[in-house]
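Chemist: One structure, as C-alpha cells, below. Some questions next.
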Ligand code: FAD
Ligand code: NAI
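Numbering (full-length UniProt numbering), first residue to last: 1 to 477.
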C-alpha cells in the first residue's frame with residue numbers, strides 16, 4: 001500500500017451532502033479529498049450519490065418524458081393539436097435519462113477538478129490507529145491510506161426492503177430497478193404511497209400501466225397538510241392511480257408470471273393483487289455499510305443513523321456527518337445545506353441550517369409542495385392561526401396553461417400574521433414554493449406577500465392571492 005496521504009478534510013460519499021461539503025471546504029482554502037464508491041455501467045466513477053444516479057435526477061427525467069407523453073396523448077387535443085400515430089419508445093426514454101445522469105456525474109467530476117479536490121473512487125472505511133485514533137482506508141482500483149484533520153461522513157441511505165422480500169430488481173424493485181423497467185408493465189404494484197410511490201407510480205401510469213398502490217396507513221400523505229393531501233388524492237383518483245389505504249401486506253410471491261401480493265384491506269377483507277412488477281417504496285435506511293464504524297466507536301442510533309448533535313458533530317472528535325445518514329428529512333437540499341454548514345464550521349464560521357424552512361416537493365402532476373407547519377400540526381400545538389387559500393381555477397395563467405387543479409394555502413399566526421406554513425398543490429408549485437421559503441426565512445407576514453407586486457399573468461399571483469385570503473381580501477375570487 002502507498003504512503004498515507006494527508007488532507008485537511010476528507011469527505012466520505014459523493015452525493016449532494018458529500019460533494020457539496022467538499023466544494024465548500026475547498027472554497028474555504030482546505031486541502032480536500034472526496035471518496036465515493038458509486039460505479040457507472042462500465043465500472044467507472046459516478047459521483048452524485050443516490051440523488052444523481054437513482055434518485056432525484058433520473059426520476060425527474062422520466063417524470064418529464066412521461067408527462068410529455070401524457071400531454072400529447074390526452075391534452076394536446078384541447079389546444080387544437082391533433083396527434084396521430086403517437087408512439088412511445090421506452091428504451092429511448094431510459095437512454096435519455098441515462099444521458100442526463102451522466103451529464104451530472106461528469107459535472108461533479110469537473111467541479112472536483114475546478115476546486116482542486118482529490119477524488120478517490122472506492123470504498124472508504126475507518127481503521128483504528130494508536131497515534132491518531134483513526135485513519136481511512138480506501139478500497140478501489142488501488143488501495144489507499146489517507147488521514148485527515150476532519151472527516152465528513154455523507155454515506156447516504158438505501159431502500160428499505162420488506163422483511164422476507166429482498167429486492168431482486170427484476171420483479172421486486174427498489175427505486176433503482178423502478179428507474180430501469182425496460183417496457184411498460186401491464187400491471188404495476190407499489191407498496192407505500194409516499195414520495196417514491198407517487199412519483200414512480202405516476203411515471204408508469206402515464207405510460208399506460210395499470211397502477212395500484214398499497215399503503216399501510218389509513219391516511220393519505222399524513223405529513224402533508226390535510227386539505228392539500230385531499231385535493232391531491234382527488235386528482236390522482238381522477239387519473240386512475242389506484243391507491244388503497246390502511247392495508248396490511250402479507251405474503252409476497254414472485255415467479256416468472258410476475259408477483260402476487262396477499263393483503264388485507266382496511267375493512268379486513270383478504271385480497272390478492274397480481275402484477276407484472278412490484279416497486280417497494282416504504283422508506284429508506286441510513287447507510288453505514290462498509291464504513292467500519294464499530295471499529296472506531298462511531299455511535300449509531302437504533303435506526304442505524306449516525307448520531308450527531310445540532311452542528312452535525314458525531315461522538316468522535318473532528319468527525320462530522322451530514323445528509324441521509326443522519327436524522328432529519330432525507331432530502332438532497334437538506335444534505336447540501338448541512339454539507340455547507342459543516343465545512344463552514346470546520347473553518348471556524350457559523351454555518352447554519354434552518355430546519356423550519358426546508359421545503360418539500362412531490363413531483364407528481366399536480367405537484368405538491370410545502371414549507372413550515374401544516375394546519376393539523378398547528379391545531380395539535382394549540383397555536384392560534386389564520387388560514388387563507390386561493391384556487392388555481394381563479395388564476396388566469398393556470399387557465400391559459402389548461403391546468404387549474406389545486407390551490408395555494410397560507411397559514412399565519414393569528415396575532416402577529418407571521419407566516420407559519422405554506423402549502424401548495426397544482427401546476428409548477430415546485431417553483432412557486434421558493435417564494436414562501438424566502439418569506440419564512442425572513443420572518444415575513446402574510447401581509448408582506450400580499451403587498452408585493454407579482455407579475456401578471458403568472459401562477460405566482462395565486463401565492464399573493466392566498467396571502468390576501470388570510471385577511472379575507474382576495475381580489476380575484
Ligand atoms: P447519497 O446521495 O445517498 O450519497 C451517498 C454516497 O456515498 C453514494 O454515492 C454512496 O455510493 C457513497 N458511499 C456510501 N458509503 C461509502 C463508503 N464507505 N465509501 C465511499 N463511498 C460511500 N431528494 C430531493 O431533495 N428531491 C428529489 O426530487 C428527490 N428524489 C428522489 C427520488 C428517489 C427515487 C430517491 C430514492 C430519492 C430521492 N431524493 C430526493 C432523496 C435524495 O436522493 C437524498 O436525500 C440524497 O441523495 C441524500 O444525499 P446524501 O449525500 O446524504 O447521500
Ligand atoms: P416515504 O417515507 O416517503 O413513504 C413510505 C410510505 O410507505 C409511507 O406512506 C408509509 O406509511 C408506507 N409504508 C411503510 N411500510 C409499509 C408497509 N409495510 N406496507 C404498506 N405501506 C408501508 O418513503 P419513500 O417513498 O420510500 O421515499 C423515501 C424517501 O426518499 C422520502 O421520504 C424522501 O425523503 C426521499 N424522496 C424524496 C423525493 C422528493 O423530494 N421529491 C422523491 C423521492 C424520494
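Beta carbons are placed, not taken as given, at the ideal position from N, Cα and C, and that holds for glycine.
Using the rule of at least 16 other Cβ atoms within 10 Å of the residue's Cβ for burial, across every protein chain shown, is residue 50 buried or exposed?
Modeler: Counting from 1 along the chain shown, the entry for residue 50 is found at position 50. Burial check for residue 50: the Cβ neighbour count within 10 Å reaches 16 or more, so the residue is buried.
Chemist: Three or more beta-carbon pairs under 8 Å between the segment 281-297 and the segment 259-268, yes or no?
Modeler: Counting Cβ pairs under 8 Å, fewer than three are found: no touch.
Chemist: Among all the DSSP beta bridges, which residues are the ones paired with residue 123?
Modeler: Position 123 of the chain shown, counting from 1, holds the residue named residue 123. Paired residues: 139.
Chemist: State buried or exposed for residue 525, treating a residue as buried only when at least 16 other CB atoms are found within 10 Å of its CB.
Modeler: Since the displayed the chain opens at 1 and closes at 477, residue 525 lies outside it and no answer follows.
Chemist: Looking only at its own chain, which residues have a Cβ that is under 8 Å from the Cβ of residue 454, when we skip the five neighbours before and after it?
Modeler: As a first step, residue 454 must be located in the chain shown, where it is residue number 454. 460, 461, 463, 464.
Chemist: When you compare each of 448, 415, 391 to residue 426 by their alpha carbons, which one comes out closest?
Modeler: In the chain shown, counting from the first residue as 1, residue 426 sits at position 426. Checking every option, the nearest Cα to that of residue 426 belongs to 391.
Chemist: Cβ of residue 331 within 7 Å of any heavy atom in ligand 1?
Modeler: Here residue 331 is taken as the residue at index 331 of the chain shown, counted from 1. Residue 331: yes, Cβ under 7 Å from ligand 1.
Chemist: Tell me the residue span of the beta strand (DSSP E) that contains residue 52.
Modeler: By one-based count along the chain shown, residue 52 stands at place 52. Here residue 52 belongs to no beta strand (DSSP E); instead the alpha helix (DSSP H) covers 49-54.
Chemist: Regarding residue 195 and ligand 2, is the C-beta to nearest heavy atom distance less than 7 Å?
Modeler: Reading the chain shown from its first residue, position 195 is the one you call residue 195. Yes - ligand 2 has a heavy atom lying nearer than 7 Å to the Cβ of residue 195.
Chemist: Quick check for students: name the residue ranges of the alpha helix (DSSP H) that lie wholly in the segment 156-181, counting only runs of 4 or more.
Modeler: 175-178
Chemist: State the beta-bridge partners of residue 128 as determined by DSSP.
Modeler: Here the question's residue 128 lines up with position 128 in the chain shown. In the DSSP output, where bridge partners are listed per residue, residue 128 has 134.
Chemist: Does residue 99 come out as helix, strand or coil in the three-state DSSP assignment?
Modeler: Looking up residue 99 in the chain shown gives position 99. DSSP places residue 99 in helix when its eight states are reduced to three.
Chemist: If we call anything under 8 Å between Cβ atoms a contact, is residue 123 one with residue 139?
Modeler: If you number the chain shown from 1, residue 123 lands on position 123. If you number the chain shown from 1, residue 139 lands on position 139. Against a cut-off of 8 Å, the Cβ pair of residue 139 and residue 123 comes out as a contact.
Chemist: At what residues does the alpha helix (DSSP H) containing residue 404 begin and finish?
Modeler: Start at 1 with the first residue of the chain shown, and residue 404 comes out as number 404. First-last for residue 404: undefined, no H or E at that position.
Chemist: How about residue 195 and residue 243: are their beta carbons less than 8 Å apart?
Modeler: What you label residue 195 is simply residue 195 of the chain shown in a count that begins at 1. What you label residue 243 is simply residue 243 of the chain shown in a count that begins at 1. Result no, Cβ atoms of residue 195 and residue 243 do not sit closer than 8 Å.
Chemist: If you compare alpha carbons, which of 345, 367, 371 is closest to residue 356?
Modeler: Taking the first residue of the chain shown as position 1, residue 356 is located at position 356. Comparing Cα-Cα distances from residue 356 to each of 345, 367, 371, the minimum goes to 371.
Chemist: Could you tell me whether any non-hydrogen atom of ligand 2 is closer than 7 Å to the CB of residue 250?
Modeler: Here the question's residue 250 lines up with position 250 in the chain shown. Incorrect: residue 250 has no Cβ contact closer than 7 Å to ligand 2.
Chemist: Using DSSP bridges, identify the partner residues of residue 423.
Modeler: Here residue 423 corresponds to residue number 423 of the chain shown, with the count starting at 1. Residue 423 is bridged to 370, 409.
Chemist: With a threshold of 16 other CB atoms inside 10 Å of the CB of residue 81, please say whether the residue is buried or exposed.
Modeler: Looking up residue 81 in the chain shown gives position 81. Answer is exposed; the Cβ neighbour count stays below 16.
Chemist: DSSP three-state label for residue 317, please.
Modeler: By one-based count along the chain shown, residue 317 stands at place 317. Residue state, collapsed to three classes: coil.
Chemist: For residue 73, which residues from the same chain have a beta carbon less than 7 Å from its beta carbon, with the 5 sequence-adjacent residues on both sides left out?
Modeler: Residue mapping note: residue 73 aligns to position 73 of the chain shown, counting from 1. Within the same chain, 86 come within 7 Å of residue 73 by CB-CB distance, once the 5 residues on both sides are set aside.
Chemist: Within a Cβ cutoff of 7 Å, which residues of the same chain sit near residue 263, ignoring the five residues on either side of it in sequence?
Modeler: Start at 1 with the first residue of the chain shown, and residue 263 comes out as number 263. Contacts found: 214, 247, 248, 249, 250, 271, 273.
Chemist: Going by the CB atoms, is the gap between residue 148 and residue 17 shorter than 8 Å?
Modeler: Numbered from 1 along the chain shown, position 17 holds the residue referred to as residue 17. Numbered from 1 along the chain shown, position 148 holds the residue referred to as residue 148. No, they are not a contact pair.
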